[in-house]
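Below you'll find the structure, written out as C-alpha cells, and then a few comments.
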Amino acid sequence: MRKRDCLPTIALALAAALGFAAPASAAATCKDPAGFDAWKAKIKQEAVAQGISAQAADEALAGVQFDQNVIHRDHGQGVFHQSFEQFSQRMVPPRLARARALEKKYADVFQRIEATYGVPPEPLLAIWGLETDFGATHGNFRMIQSIATLAYDCRRSDMFKSELFYAMKMVQAGVSPDARSAWAGEIGQTQFMPSTYIKYAVGGRDLDHSPSDVLSSTANFLKAHGWQRGAGWAPGEPNFAAIQEWNKAKIYSRTIAYFATRLAGGSEAAYRDGGGESPAPRVRSHRDDSMDMDQGGGGAPPSPLDEQ
Numbered sequence: 352m353r354k355r356d357c358l359p360t361i362a363l364a365l366a367a368a369l370g371f372a373a374p375a376s377a378a379a380t381c382k383d384p385a386g387f388d389a390w391k392a393k394i395k396q397e398a399v400a401q402g403i404s405a406q407a408a409d410e411a412l413a414g415v416q417f418d419q420n421v422i423h424r425d426h427g428q429g430v431f432h433q434s435f436e437q438f439s440q441r442m443v444p445p446r447l448a449r450a451r452a453l454e455k456k457y458a459d460v461f462q463r464i465e466a467t468y469g470v471p472p473e474p475l476l477a478i479w480g481l482e483t484d485f486g487a488t489h490g491n492f493r494m495i496q497s498i499a500t501l502a503y504d505c506r507r508s509d510m511f512k513s514e515l516f517y518a519m520k521m522v523q524a525g526v527s528p529d530a531r532s533a534w535a536g537e538i539g540q541t542q543f544m545p546s547t548y549i550k551y552a553v554g555g556r557d558l559d560h561s562p563s564d565v566l567s568s569t570a571n572f573l574k575a576h577g578w579q580r581g582a583g584w585a586p587g588e589p590n591f592a593a594i595q596e597w598n599k600a601k602i603y604s605r606t607i608a609y610f611a612t613r614l615a616g617g618s619e620a621a622y623r624d625g626g627g628e629s630p631a632p633r634v635r636s637h638r639d640d641s642m643d644m645d646q647g648g649g650g651a652p653p654s655p656l657d658e659q
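Heads up: the sequence shown begins at 352 in my numbering, then just goes up one per residue.
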C-alpha cells in the first residue's frame, strides 16, 4: 500500500516551484472534533451492518484520531496556475531517462502486462512517474485516520465514508490498519483510493513494494475503463478517455498522455494547443471525480508534490 518512503525536501521544493497560490486563511472544520469518538462508534455499527466484521472495524479504527493536519490540507488547497505547456515541461523531461531505464529493467513484466491487459509500457510508466516519481515519494499519513477525518468533516462526508468502509475491507483482507498514505488516503506507487484497491488491485496486491503488482493493477484499472488494445492514447484517440478516467483533471490527464507519447517516440502535434485549460483548483485524486469537487473534475493535481 502507500507506505512509501517520503522525500519531503524535494517535494516541498517542487511544490513551491510549481506556483500554487494558498488561500488567504485555512477554513475551519464544520464539525466539532469533540464528537469524533462518538461518531466512530456509529461508523463501526454501520460497517458491521454492511457485512464488515466487528474485528476488522475495531482494528481499523483503533487509535484513529481526528487529524487537524488533514483538514488543513483539504481546506487549504490552492489554485493551480500553470498551463499544460508549463506543467508538462516541468514534470516530463526530468523523468524520461528514469522511465526508459525502468522500461528496460522490467521488460518481462511489461511484456506480460501488455499480453494480459493490452496496455503498453508507456502510459503505465507515465502514470507511475507522475504519481509518485516511480515510487520514490510515498506520503506518511495513516490512511484510515486521514479518510476517517475527511468522512467526519462536512465537505465530502459521503464520499469518504464510503472510502472508509472500503479501507475496513482492506483491513479485513489482511492489509495493515497502519498503512501509510497521502493526506487524502491514496495508497501505493500509483495512488489508489481504497475503493480502487478493492476493485482493481491484482497479483499480490502489494502496491507499496512490488512494481509488478503496481503496474498490473494500474493496467487493470485502465482496461476496466475502456482501454483498447493497439489503439492510440493521444487526445482525440480512443484510449485518451481511459486516461481521463484515471484523472479527470484536464492538464494532468493530458500530461500523462504526453509523457507516454514522448517515451514512445510519437508525434507531439496533438499536444501543441495545450487544450485551452484555465487555472483550476488543486486537487489530488485520480480514480474518479469525487475528489475533483470544485470544478467537477477540472482540477490539476501535481503528484507527487503535495502529499507530504
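Beta carbons: idealized from backbone N, C-alpha and C, even for Gly. If you're wondering where the values come from, they're calculated on a predicted model, not measured in any experiment.
Where does residue i fall in DSSP's three states?
i	result
I403	coil
V634	Residue placement at V634 cannot be trusted, given a pLDDT of 36 that sits under 50; what the coordinates show is reported in the next sentence. In the structure shown, V634 sits in coil (DSSP, three-state: anything other than H, G, I, E or B).
S532	strand
F417	coil
Tell whether a beta-carbon distance below 9 Å holds between residue i and residue j.
i	j	result
G554	S567	yes
G539	D559	yes
T500	F417	yes
Y551	F572	yes
L481	F461	no
T467	A570	yes
E514	A524	no
I498	P528	no
F591	A608	yes
L412	K393	no
A593	S618	no
T541	V526	no
F435	T606	yes
A458	F610	no
G486	G581	no
W534	N420	yes
W479	A448	no
Can you tell me the Cα-Cα spacing of residue i and residue j, whole angstroms?
i	j	result
K395	K520	12 Å
L453	F543	21 Å
P384	Q595	36 Å
P589	R531	35 Å
S563	D409	32 Å
I422	N491	15 Å
A518	R507	16 Å
P472	A400	42 Å
G414	F438	39 Å
N598	P545	16 Å
A398	F431	37 Å
D504	H426	10 Å
M442	D624	18 Å
A405	V522	11 Å
R446	K456	15 Å
S561	F387	35 Å
K574	T547	13 Å
K601	Q433	12 Å
I403	F516	8 Å
A620	Q440	15 Å
R424	R463	39 Å
G650	I549	Any reading at G650 needs caution, since the residue's pLDDT is 31, under 50, leaving its predicted position unreliable; the model's value is listed next. Distance between the alpha carbons of G650 and I549: 25 Å.
R576	E465	It is His, not Arg, that sits at residue 576 in the sequence shown. Going by the C-alpha atoms only, they are around 16 Å apart.
Y622	G587	10 Å
K512	Q428	21 Å
R556	M510	23 Å
R493	A389	20 Å
Taking the alpha helix (DSSP H) that residue i belongs to, which residues open and close that run?
i	result
I594	F591 to W597
F572	P562 to A575
A518	S508 to Q523
L614	K601 to A615
S546	P545 to Y551
Inset, instruction - Output the residue ranges of the alpha helix (DSSP H) runs that lie fully inside the stretch 438-504 and measure 4 residues or longer, sorted by chain position. - result: 444-456, 458-468, 472-483 and 494-503
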